[in-house]
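Residue numbers (this note's numbering): 21 to 114. Each remark here refers to the structure printed beneath this line.
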């Protein structure tokens with residue numbers, strides 16, 4: 021994965037992640053399944069021009085959903101919780 025935009029898929033914007041961003045200066049992203057912490061750190065620093073202190077990753081499993089009698093699966097994602105250095109921030113609503 022040479023391209024940083026292939027690693028960072030999208031930001032995850034929920035009430036919980038916004039509270040985490042306000043309290044602890046952490047930003048949450050959906051990332052590629054094959055990305056490791058080092059690649060995620062380099063991609064965030066390259067795209068947003070910030071200093072990353074720590075990266076935590078979470079692999080969420082696939083979930084089974086049903087619509088009436090039909091059963092299907094919703095694909096799992098990999099999330100990265102990125103702690104930024106003090107003084108750095110990422111604002112998604114500019």
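Ideal placement from N, C-alpha and C gives every residue a C-beta, glycine not left out. Small disclaimer: the values here were computed from a predicted structure and weren't measured.
Taking C-beta separations shorter than 6 Å and ignoring five residues to either side along the sequence, the partners of residue 103 in its chain run 46, 73, 74, following chain order. Annotated three-state conformation of residue 48 is strand, per DSSP.
Residue 70 sits in coil when the DSSP states are folded into three classes, being neither helix nor strand. In the DSSP assignment, residue 95 forms no beta bridge with any residue. If you draw a straight line from the Cα of residue 26 to the Cα of residue 63, it comes to about 9 Å. The Cβ atoms of residue 98 and residue 79 lie closer than 8 Å to each other.
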